[in-house]
Amino acid sequence: MTHDRAVVLFGHGARDPAWAQPMERVRDTLRALAPELGVELAFLEFLAPTLDEAIDAQVARGARRIVIVPMFIARGGHLKNDLPKLVAAACERHPGCEIVQTLAVGEAEPVVAAMASYAWQCAIEGDG
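Taken in order, the sequence shown gives residues 769 to 896; the numbers are from the numbering used here.
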């Protein structure tokens, strides 16, 4: 299936593949909510695909606008240094494609509110 818009959920990665299960759940939920989007996972290290592989796959499927959503709580070195370099290289490889990165998911106001609500619920009702 071709999509002109895509989202890549970008995570750090871990040696244990089970670490990616929450991201897989987000991917699957997003695919169900927005079947018109191409949705892919990508990882900085340890897991596949890499960000380059995920972007290249989406472009091959027809994406002309790709939004990279960092699945990190906050902007640390990887998001300040590594990710911008990876995005710049992808833009050079695909000059006809708009590739942008968003805030770390944990810095987005709706996510902050959801985390606070969850913490409050745990304090009131138990540990979730």
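Glycine is no exception: its CB is placed at the ideal position from the N, C-alpha and C atoms. Treat the numbers as computed from the prediction; the structure is a model and nothing was measured.
Assignment of beta strand (DSSP E) within the stretch 804-889, counting only whole runs of 3 or more residues, yields 806-811, 833-838 and 866-869 in chain order. Rounded to whole angstroms, the Cβ separation of His780 and Glu813 is 7 Å, and the two are in contact under 8 Å.
Residue pairing from DSSP places Val775 in a beta bridge opposite Val807 and Val835. Here Leu819 is buried, its C-beta having at least 16 other C-beta atoms within 10 Å.
Apart from the 5 residues on each side of it in sequence, Lys848 has no Cβ closer than 7 Å to any other Cβ in its chain. Straight-line measurement puts the Cα of Gly806 at about 17 Å from the Cα of Met839.
The residue among Arg829, Glu860, Phe811 and Ala816 with its C-alpha nearest the C-alpha of Ile836 is Phe811. Where Arg783 is concerned, there is no enclosing alpha helix (DSSP H), because DSSP gives it neither an H nor an E. Fewer than three beta-carbon pairs drawn from the stretch 787-795 and the stretch 819-829 are found closer than 8 Å, and the two stretches are therefore not classed as touching. Here the alpha carbon of Gly874 sits roughly 30 Å from the alpha carbon of Gly864.
The Cβ neighbour count for Glu808, taken over all protein chains shown within 10 Å, is at least 16; the residue is labelled buried. With a cutoff of 7 Å on beta-carbon distance, Ala842 and Ala881 are scored as not near each other.
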